[in-house]
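In full-length UniProt numbering, the protein residues as written are 1 to 256.
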Ligand SMILES: [Zn+2]
């Protein structure tokens, strides 16, 4: 089983992973609050040569579902560039949030825009790594909060080979039960490529996206261990830095 965490220290991701004893790490390739273009990582050779697997999380402003051209166009470009940067690091995928539209009336258009992301890129040879669409916790008119919306989205993106990243905090806070969640999501997407294993500071269906360490959060840690055990995918913790080592220790103890 490959378990690890999101890197807090971008300058030395492998060092961070080794310190934690991680088999997998997740990192950004740009400041996640920016529209910056990715630059070659100074430690590219070390990252590629390491046995620690790498996945890249895309930046936060990206919203490929948006019906606003001035947001959707740069979002598409950023996904393509960050996918290339991920490939340059030997990463196995690029995580992209499902995004949202401005009203329920725009949901259909948002799904179409997700399809267009893949279609447009196909003409350029496809993305350099698989795109892993992540479920989100809240916001109104989200593309990937409730599993019934994920099902509608998958009717379009599934044929383009989209991957899926399951975030347990987002599912829980978004109002989806975690009991049996792996089977329920696989029945929709056919796959889980990555798990973001996080507890939540907020209650079930709160719509809030605030990750918590296992000991402090509102999710039963045994449920988190169960997801980890059954997902059949690499598991990355995005829990607060001070408790990550304890969270990993809990998992290792409850998986063996
Ligand atoms: Zn996440």
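Every residue gets a Cβ at the ideal spot worked out from N, C-alpha and C, and that includes glycine.
With contact counted as at least three CB pairs below 8 angstroms, one residue from each stretch, are the segment 67 to 80 and the segment 44 to 56 in contact? no
Can you say whether residue 35 is buried or exposed, counting buried as having 16 or more other CB atoms within 10 angstroms of its CB? exposed
In whole angstroms, what is the alpha-carbon distance linking residue 243 and residue 226? 20 angstroms
Residues bridged to residue 165 (per DSSP): 134 and 194
Three-pair Cβ contact test at 8 angstroms for the segment 186 to 205 versus the segment 83 to 91: no
On the DSSP bridge assignment, give the partners of residue 21 in chain order. The partner list for residue 21 (beta bridge, DSSP) is empty, contrary to what the question assumes.
Counting beta carbon pairs with one atom in the segment 138 to 145 and one in the segment 94 to 106, are three or more of them shorter than 8 angstroms? yes
Using beta-carbon positions only, say whether residue 164 and residue 145 come within less than 9 angstroms of one another. no
Just to confirm the assignment, what range does the beta strand (DSSP E) spanning residue 53 have? 53 to 57
Hey, how far is the Cα of residue 205 from the Cα of residue 181? 15 angstroms
For residue 236: DSSP bridge partner residues: 4 and 196
Out of 55, 70, 53 and 54, point me to the one whose CA is closest to residue 61's CA. 70
Beta-carbon within less than 7 angstroms of residue 194's beta-carbon, same chain only, minus the 5 sequence neighbours each way: which residues are those? 55, 93, 95, 132, 165, 233, 234 and 236
Contacts around residue 151, its chain only, beta-carbon distance under 6 angstroms, and the 5 residues preceding and following it disregarded: 188
Which residue or residues does DSSP assign as beta-bridge partners of residue 212? 199
Contact shell at 6 angstroms, judged by CB to any heavy atom of ligand 1, ordered along the chain: 134, 167, 196 and 238
With distance defined between alpha-carbon atoms, name the residue in 210, 230, 82 and 22 nearest to residue 178. 230
Supposed contact pair residue 174 and residue 213 - C-beta distance, whole angstroms, cut 8 angstroms: Not really, about 20 angstroms apart at Cβ, beyond 8 angstroms.
In three-state terms, what does DSSP make of residue 97? strand
Between the alpha carbons of residue 83 and residue 253, how many angstroms are there, rounded? 35 angstroms
Indicate whether residue 169 and residue 211 have their beta-carbon atoms separated by less than 9 angstroms. yes
Tell me where the alpha helix (DSSP H) around residue 155 begins and ends. 147 to 157
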